[in-house]
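Report on the structure given below.
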Amino acid sequence: MALRADRFFDPDPHQREVAMQLYDRVAGLPLICPHGHVDPRMFADPDYSFGTPTEMLIIPDHYVFRMLYSQGVPLEALGVPAQDGIEVEQDHRKIWQTFADHFYLFRGTPTGIWLVQELEEVFGVEEKLTGASAPAVYDRIAAALEKPEFRPHALYKRFNIEVLCTTDAAADSLEYHKAIKASGWEGQVRPTFRPDAVVNIDTEGWRANIDKLSEVSDISIDGYPRFIEALENRRAFFKAMGATATDHAALTAHTGRLSEAEAGTIFRRALKGEAGAEDAARFTAHMLMEMARMSVEDGLVMQLHVGAYRNHNEQLFKRFGRDKGADIPVTSEFTRGLEPLLNAYGADPRLTLVLFTLDETTYARELAPIAGHYPAVRLGPPWWFHDSLNGMARYFDQVMETAGLYNTAGFNDDTRAYPSIPARHDVWRRAACNWIAGLAVRGVVDMDDAHAMAYDCAYKLAKDTYRLGD
Amino acid sequence: MALRADRFFDPDPHQREVAMQLYDRVAGLPLICPHGHVDPRMFADPDYSFGTPTEMLIIPDHYVFRMLYSQGVPLEALGVPAQDGIEVEQDHRKIWQTFADHFYLFRGTPTGIWLVQELEEVFGVEEKLTGASAPAVYDRIAAALEKPEFRPHALYKRFNIEVLCTTDAAADSLEYHKAIKASGWEGQVRPTFRPDAVVNIDTEGWRANIDKLSEVSDISIDGYPRFIEALENRRAFFKAMGATATDHAALTAHTGRLSEAEAGTIFRRALKGEAGAEDAARFTAHMLMEMARMSVEDGLVMQLHVGAYRNHNEQLFKRFGRDKGADIPVTSEFTRGLEPLLNAYGADPRLTLVLFTLDETTYARELAPIAGHYPAVRLGPPWWFHDSLNGMARYFDQVMETAGLYNTAGFNDDTRAYPSIPARHDVWRRAACNWIAGLAVRGVVDMDDAHAMAYDCAYKLAKDTYRLGD
Amino acid sequence: MALRADRFFDPDPHQREVAMQLYDRVAGLPLICPHGHVDPRMFADPDYSFGTPTEMLIIPDHYVFRMLYSQGVPLEALGVPAQDGIEVEQDHRKIWQTFADHFYLFRGTPTGIWLVQELEEVFGVEEKLTGASAPAVYDRIAAALEKPEFRPHALYKRFNIEVLCTTDAAADSLEYHKAIKASGWEGQVRPTFRPDAVVNIDTEGWRANIDKLSEVSDISIDGYPRFIEALENRRAFFKAMGATATDHAALTAHTGRLSEAEAGTIFRRALKGEAGAEDAARFTAHMLMEMARMSVEDGLVMQLHVGAYRNHNEQLFKRFGRDKGADIPVTSEFTRGLEPLLNAYGADPRLTLVLFTLDETTYARELAPIAGHYPAVRLGPPWWFHDSLNGMARYFDQVMETAGLYNTAGFNDDTRAYPSIPARHDVWRRAACNWIAGLAVRGVVDMDDAHAMAYDCAYKLAKDTYRLGD
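Chains as they are written, first to last, in the working numbering: chain A, 1 to 470; chain B, 471 to 940; chain C, 941 to 1410.
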């Protein structure tokens, strides 16, 4: 189906018209992408290719294959690489056919929305994807991917991206970012410092990660003090490479400072492989305090993503590894959990702390009141499962009255799927304009305010929050 | 008031029109009733009578009398039978008058909606029920109930029911189901295996229930192994009698396997009347694992209803017993609670596990992600207090984007109140069509998809989930 | 901008028209204000002045200054008095300018809505408040405040207030209420008995509060029995002074009776300054039981506000004290917490218990089922952060189907900000009429019922719940 110009707006003609007016002024603004998981290699390698349509759209995208898996299609049949050596489907046309046969599963889902828009706007596919149309659609995308205008640099320009931030391990050498810088290309691709793999001592492979951190920082991490030193060293390096932010994932929002001695003791136990679950929880809580302290000192914006219970499906994890659509949210608590951190740094004008939740009950109850009080805090956009039309509507509904729009952080696409970026921002811009139009037609804000709010949602809040301004 | 043809649809004329189009195609589909509490006796006894209007609509319906109780009308005045021998009102016309005098309490409630529709569509009562109209309405219903077309079999046909599943204790002899089978009647009434009263060792009267289970299974339950044997025996019997599903209620979704020895020890303590609350919780968690194992083996669909804190009002419970509108929900947790069960059986293609919650915060946070990942899991419709227009709207809003429609289980009416069944399904069909129309008018799905989704919601999902297909 | 007559109603023309019809009949009803924090002194002192616009609208209103604080404006710059002797801004025009420069922060917030309506309807300010218009607006308000028609008594009449209840500490002498009575003024200003400061033994300054209670009650509180006696004494005094209600704030809804001996022991420890956090929690739980018992006996309506974690920002608390916009909600639990109290008194026809929550997840899950069952319970209106257009919509959505309208308590403004009272009631009346109009246009209720419901929401439920009837 051809995309409707007024899609996703309220059915009421008046609200739809106002939403359209607001949207028309922001639809063409450059994209600010302050948080995401696009592979920087694609911008460093001028010959980078996305591979087949299946390699681009299915195999790496757990949003896509989890839905087929949930209906009984094994990941093996979708070509997802197994770690245990088992053979998986290699015929990309066959995988594509399976995907198209099941595309009805995505009715009414954000993944469905993104894919339809991506197929039409990026690849010019206007026919509906079904089992019958699958081969023709595959051919069309495959043909497009051969052309130079479908290389990452060309798409960057076509997508009108102003800045795109990647997410990079603390021990990452940032070689691709170096290559991008060296290439003289005019795109703005920035790293983000993500130290989870060395900070959360219960991460699988933690010991090896510490060794790698020692190596890249040239600091021999023999204990807690050198660990801190190495992290500060890497932050400085990331900052020099253009980073303006860090990112932290934690199961809970628990924070709390340990004494230097306690931290040292736990770290020693971890080095010996003797740390327990309680050690890990306390150390993460402590390191969040340390990360906030460092952000106060070096000015890197601190992002905190809370509440994903990782790798819930053990068998799947053993065979296919992390990030396979088997992370399930848990309840989160911020009021008591963040109290130590906010008491120490929440009123410090040097800190910006962007909070993300998977537990929407915290929007109105905890996060909006916190963001509406502490100067350092901004509330990030709806994350992951909630990055959807309804998820955004609930966010606007439950957050904005208490936090105020200006204590929120605009949008980020948080995606690995580069060609889906315009569709994701477009959904946000439409949802935001529809929300603001609802305020305008109800007489809550006037049209001058409405236009300003639409601009802030679409562009300025993200840019300001992440200190990406000029 | 005469029922409006377009009732419950969005006020926007365009969405309402599309909803009406969708509804028109599904309104006449047969009713699939895969879970409910209708008394099978009414189909076994050809002379079954509903009694007076008061006996049919008030005395047995805790949805109705809890509301009057909440406003100070004692259950005694409503004829609800007391267990402690106290006298209750016997004048059914007087009770009806009290009910009608308070009917304004149901304004805007699902019970009000069902009653109005039931009165008009089943009994032809078009005048509004008030204190003034009460006697005339009573007479009209009483007269109707005299007629043969208001016997259960006739209503089954008139209601266009395709299949109706009852809920039956594990130790039930299924005598009425046997009689229905023997009668040669063409209706499809199936039992459902509900072992709560023997599986939850803290149930009042548990020891007597075990004795009854021994008796009907002809297996002397002297310990845990024979207990399991007896359950397997009964499941086979239920299946032979037409059951396609089991049903389990638990305060929490906690699951976890005990060793054979531990299970045996707890069961022994229970037989001696020495088991404590912790024993009961661990045993239930274990038995849910066992029930899933048996479902994998025998193919009975497993239903799990979580989160009702039973008999909150102690005095009321002592006088009137269970199910008197005094069950209050509590917070629920599924992500960690179901992990053992899902790791063991969640990817087994032989299992279907239908989950129900009274804690709507789990829709978007836990249940939709779980249903959108595990092949075995389907999410049941809004349950009990949430079986309402707004409850359904919240369900569609919070579940569908993440779980996808096809990981949900359609509708079930879950009711004891047989004559209310058509009204309940009609509310669901209207709510579903309105939701889908909202997607269509916003350009999220096209009309072909919309019609398919409406059909699936109204009919096919329930039939497929419960393996009631032809 | 000039306020639109149909503001806040649904954009759909039909629903808006019906909402307008409903609203037209209730807009002019007198205001029932059964719970709030207006200073009774303003009615006792015939020469009471609100001071400057800044003193009236900014300095005392934590809804206002928390938002500027969250964006980096220190409370010192807003003239909020510091307890630690530090100097704060004294130039009220300068503070006003800062406020106006940041007024865009209130876009789409309830505070923004109230202020705009208050400025226009109370002070005749129709121009938009901006940095540019700030001085002129200040002048206009300042000029108005000079006039006799802007004295509290005159505004009481103009606002069409029928009754206004204040909130007063148990040890308060009620001198202003005495003076109001003595003055012969025809306004109805009633005290409310709030014993938190003596009942919650972990309150800062608790020991001094007990001494004050001893003094005003003329009962020397040397232990728990005299403490109870003193409370009963004060309740009788408040009742004699016109009180119809009490109010209780607690971090949790935990209730539970202690033995007389246990209560005595904890109280003794508290008198010696040796009570711990666990003591405080158990004592509060016990005292809620006692307060319910006393309410059963003396007929004072019992209000319970649950879930505010007070003084989250420690530095701010040290400098500026309580109630500075730094209270953050936490999750709440009512089903198990209130079980002891409801089992003891929940079916007693003499008790009315009005429950308030900051955790909206409890609306549909716990509070609506509890209010829809227990005769004593009514659910209070959306509180604090949820006293907003969306907060009200969520309340109507999540509460009404299960609780029924007639188990709710109407509206209260809960405000310190006297001139904002009409705007707050108007938002509620509009939101309620819009909700009811939504039911009417969907065919859920007829127009007769709709008008009755609008009247009940706007006026009668609050009056009846708080026993303020004639």
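C-beta atoms are modelled at their ideal positions from N, C-alpha and C, and glycine is treated no differently.
Remember, predicted model here, so these are calculated numbers, not experimental data.
Just the chain B side, please: which residues come within less than 7 Å of D456 of chain A by C-beta, in chain order?
None at all; the shortest Cβ gap to chain B is about 24 Å.
Buried or exposed for E596 of chain B, going by 16 or more other Cβ atoms inside 10 Å?
exposed
As a quick exercise: from C:A1377, C:V1384 and C:R1382, pick the residue whose alpha carbon is nearest that of Y1395 of chain C.
C:A1377
What does the alpha-carbon distance come out to for the pair R621 of chain B and L634 of chain B?
16 Å
Leaving out five residues on either side along the sequence, give the residues of the same chain with a beta carbon under 6 Å from the beta carbon of R66 of chain A.
G325
By Cβ distance, which residues of its chain are closer than 6 Å to P810 of chain B, with the 5 residues on each side in sequence left out?
T725 and G726
Rounded to whole angstroms, what is the Cα-Cα separation between N1140 of chain C and S1272 of chain C?
18 Å
Can you have a look at T1038 of chain C and say buried or exposed, based on whether 16 or more other CB atoms are within 10 angstroms of its CB?
buried
Are the beta-carbon atoms of A1185 of chain C and P1315 of chain C separated by less than 8 Å?
no
I1310 of chain C, DSSP secondary structure in three states:
helix
Cα-Cα separation between P369 of chain A and P1269 of chain C, rounded to whole angstroms
8 Å
Using a cut-off of 7 Å between C-beta atoms, extract the partners of V64 of chain A located in chain B.
Those do not exist, as V64 of chain A stays about 12 Å from chain B at its closest Cβ, beyond 7 Å.
Neighbour flag for L909 of chain B against chain E, beta carbons, 8 Å
The structure shown contains no chain E; its protein chains are A, B and C.
Please give the ranges of any beta strand (DSSP E) in the stretch 1135 to 1192 of chain C, keeping only runs that are unbroken, at least 3 residues long and fully inside the region.
1185 to 1190
Could you give the DSSP three-state label for L31 of chain A: helix, strand or coil?
strand
Status (buried if at least 16 other CB within 10 Å, exposed otherwise) for A965 of chain B:
Absent from the model: residue 965 of chain B. The displayed extent of chain B is 471 to 940, so no value can be given.
Using a Cβ-Cβ cut-off of less than 9 Å, give me the residues of the stretch 1281 to 1301 of chain C that come near chain B, in sequence order.
L1282, N1283, G1286, A1287, P1289 and T1301
Suppose the cutoff is 7 Å on Cβ atoms and the five residues either side in sequence are ignored; what does the same chain contact list for D1162 of chain C look like?
none
When the Cα of R1407 of chain C is compared with those of C:L1059, C:V1294 and C:E1027, which residue comes out closest?
C:V1294
Take L213 of chain A as the anchor and find which of A:P195, A:M302 and A:P74 has the nearest alpha-carbon.
A:P195
Please go through the same chain and pick out, in chain order, the residues whose beta-carbon is closer than 6 Å to the beta-carbon of A740 of chain B, but skip the five residues on each side of it.
I671
Between the C-alpha atoms of D45 of chain A and S420 of chain A, what's the straight-line distance to the nearest angstrom?
20 Å
State the DSSP-derived secondary structure class of D1108 of chain C, mapped to helix, strand or coil.
strand
Would N703 of chain B and I689 of chain B qualify as a contact pair, given that the criterion is a beta-carbon distance under 8 Å?
yes
State the Cα-Cα distance for the pair G486 of chain B and F479 of chain B, rounded to the nearest angstrom.
Checking the displayed sequence, the identity of residue 486 of chain B turns out to be Arg instead of Gly. So the two alpha carbons sit approximately 5 Å from each other.
H286 of chain A CB to nearest chain B CB: under 8 Å?
no
Count the C-beta pairs between the stretch 814 to 821 of chain B and the stretch 756 to 771 of chain B that are closer than 8 Å, then say yes if the count reaches three, no if not.
yes
For a cutoff of 8 Å on Cβ pairs, would you count S858 of chain B as touching chain C?
yes
Using a Cβ-Cβ distance under 8 Å, would Y69 of chain A count as near chain B?
yes
Report the neighbours of F478 of chain B on chain C: residues whose CB is nearer than 8 Å to its CB, in chain order.
R1382, G1383 and V1384
With DSSP as the reference, label Q303 of chain A as helix, strand or coil.
strand
Runs of 3 residues minimum, wholly inside the stretch 793 to 849 of chain B: which ones carry the beta strand (DSSP E) assignment?
823 to 827 and 847 to 849
Does any CB atom of chain A fall closer than 8 Å to the CB of N904 of chain B?
no
Give a yes or no on whether the minimum CB-CB distance between P375 of chain A and chain C is below 8 Å.
yes
Could you tell me if E830 of chain B is buried or exposed, where buried requires 16 or more neighbouring beta carbons within 10 angstroms of its beta carbon?
buried
Please classify Y1220 of chain C: does DSSP put it in a helix, a strand, or coil?
For clarity, residue 1220 of chain C is Ala in the given sequence; the question names Tyr instead. Helix, per DSSP.
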